[in-house]
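Here the structure comes first, spelled out in structure tokens, and everything after it is commentary.
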Amino acid sequence: MLTSPKLSVVSPCYNEQDSLEELCRRVTAAREAEVGADYEIVLIDDGSSDSTRSLIGKLCEKDPHFVGVFLSRNHGHQLALTAGLHTCRGERILIIDADLQDPPELLGDMMRMMDEKKADVVYGQRFERRGESTFKRLTAHLFYRLLNSLVDVKIPVDTGDFRLMNRKTLDELNRMPEQHRFIRGMVSWIGFRQVPLKYERHERFGGETKYPFRKMICFAVDAISGFSIVPLRIATYLGFICSLLGVFFLGYTAYSYLTGIAIQGWTTLMAVVLILGSGQLLVLGVLGEYLGRLYMQSKN
4 MLTSPKLSVV SPCYNEQDSL EELCRRVTAA REAEVGADYE IVLIDDGSSD STRSLIGKLC
64 EKDPHFVGVF LSRNHGHQLA LTAGLHTCRG ERILIIDADL QDPPELLGDM MRMMDEKKAD
124 VVYGQRFERR GESTFKRLTA HLFYRLLNSL VDVKIPVDTG DFRLMNRKTL DELNRMPEQH
184 RFIRGMVSWI GFRQVPLKYE RHERFGGETK YPFRKMICFA VDAISGFSIV PLRIATYLGF
244 ICSLLGVFFL GYTAYSYLTG IAIQGWTTLM AVVLILGSGQ LLVLGVLGEY LGRLYMQSKN
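First residue of the sequence shown? That's 4 in this note's numbering, and the numbers climb one at a time after it.
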């Protein structure tokens, strides 16, 4: 029976041939002072179209500490990360992207903070994002604050997937059945003791960003829809607002009819439109409330 290593490093890779060897070198150097030879590095190839897959295969052949997970196609960062988290066996798990924007050298600080504060999760919280455009920094800043205004669970702002967690936390995460995953939010939802480690995010070591504007929008939609039913409640709010406005305008149409201002048929038409419109929005709101409860129940 295989024993569990003290540390698993899990890194999703998609077209990361330029940074993969440097990632492995720096991760290997960072873990040496902390866990010695009791570790594994799980590299997930997310359907890369460059030489990432063959590089991972060679690393696994040369060093038994490397574990390769090869996906049949590009499934996206969050599902690739999920595959790695289901594969790893370590007592503690470091999640890190292969682009080296999150420095592996912080592993030692994370390990010590976990011990000193008896934390279950130590997550990296960015106070500076080097090499990113003003637009990306601004949209990221707004996204996290918008998300926290919509969800019930507090998700730390300016925080990605870069984190160290213990096996207890990972086991709970792996039990969650979502297909559209927002892992940093799911880890926050689990609870336990979670503490931040503030750090400066670096520029990409090589290659291009895997999150263009279109993917950022899809990621934001997954995050909001996965943790909030507030969008479903919009119909309820609109229904109440339109009902109040409808009562006011219904009174106005009655006044217009009684004073002879309105042309023939206008009062009846407006009354029907206002009553039916408000009623439809209220019914949609009620359906949205029940649908939201079914959705949250299906997530278990």
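We put the beta carbon where it would ideally sit given N, CA and C, even for glycine.
Pair within 8 Å by beta-carbon distance, residue i and residue j
{"i": "residue 124", "j": "residue 38", "result": "no"}
{"i": "residue 48", "j": "residue 16", "result": "yes"}
{"i": "residue 182", "j": "residue 161", "result": "no"}
{"i": "residue 188", "j": "residue 235", "result": "no"}
{"i": "residue 107", "j": "residue 40", "result": "no"}
{"i": "residue 253", "j": "residue 186", "result": "no"}
Residues near residue i by beta carbon distance below 7 Å, same chain, minus five either side
{"i": "residue 177", "result": "88 and 89"}
{"i": "residue 77", "result": "17, 49 and 50"}
{"i": "residue 245", "result": "280, 281 and 284"}
{"i": "residue 26", "result": "14, 101 and 103"}
{"i": "residue 198", "result": "116, 120, 122 and 125"}
{"i": "residue 179", "result": "189"}
Collapsed DSSP secondary structure at residue i in the structure displayed
{"i": "residue 167", "result": "strand"}
{"i": "residue 221", "result": "helix"}
{"i": "residue 181", "result": "coil"}
{"i": "residue 276", "result": "helix"}
{"i": "residue 76", "result": "coil"}
{"i": "residue 282", "result": "helix"}
{"i": "residue 71", "result": "strand"}
{"i": "residue 188", "result": "helix"}
{"i": "residue 239", "result": "helix"}
{"i": "residue 4", "result": "A caution first: residue 4 carries a pLDDT of 44, below 50, which makes its placement in the model unreliable, though a value can still be read off. Of the three classes helix, strand and coil, the one that applies to residue 4 here is coil, per DSSP."}
{"i": "residue 345", "result": "Here the chain covers residues 4 to 303 and nothing more, so residue 345 does not appear."}
{"i": "residue 124", "result": "strand"}
Cβ-Cβ separation, residue j to residue i (assumed contact under 8 Å), whole Å
{"i": "residue 43", "j": "residue 70", "result": "6 Å"}
{"i": "residue 23", "j": "residue 101", "result": "6 Å"}
{"i": "residue 20", "j": "residue 54", "result": "5 Å"}
{"i": "residue 203", "j": "residue 130", "result": "7 Å"}
{"i": "residue 219", "j": "residue 142", "result": "7 Å"}
{"i": "residue 96", "j": "residue 165", "result": "At roughly 12 Å, the Cβ-Cβ gap does not stay under 8 Å, so residue 96 and residue 165 are not in contact."}
{"i": "residue 249", "j": "residue 277", "result": "4 Å"}
Start and end residues, alpha helix (DSSP H) containing residue i
{"i": "residue 81", "result": "80-90"}
{"i": "residue 1", "result": "Because residue 1 is not part of the residues shown, which for the chain are 4 to 303, the question remains open."}
{"i": "residue 22", "result": "Note, residue 22: premise wrong, no alpha helix (DSSP H); not H, not E."}
{"i": "residue 194", "result": "Taken as a continuous stretch (DSSP letters only), residue 194 belongs to no alpha helix (DSSP H), as it is neither H nor E."}
{"i": "residue 58", "result": "55-65"}
Residue span of the beta strand (DSSP E) that contains residue i, given as start and end
{"i": "residue 201", "result": "197-204"}
{"i": "residue 46", "result": "42-48"}
{"i": "residue 96", "result": "95-98"}
{"i": "residue 12", "result": "10-16"}
Neighbourhood of residue i by C-beta, 8 Å cutoff - its chain only, sequence neighbours within 5 removed
{"i": "residue 4", "result": "Note that residue 4 scores 44 on pLDDT, short of 50, meaning its location in the model is unreliable; the coordinates nonetheless yield the value given after this. For residue 4, where only same-chain residues beyond five positions count, there are no Cβ hits under 8 Å."}
{"i": "residue 200", "result": "109, 112, 113, 116, 125, 126, 127 and 128"}
6 Å CB neighbourhood of residue i in its chain, flanking five on each side removed
{"i": "residue 91", "result": "11, 13 and 45"}
{"i": "residue 242", "result": "284, 285 and 288"}
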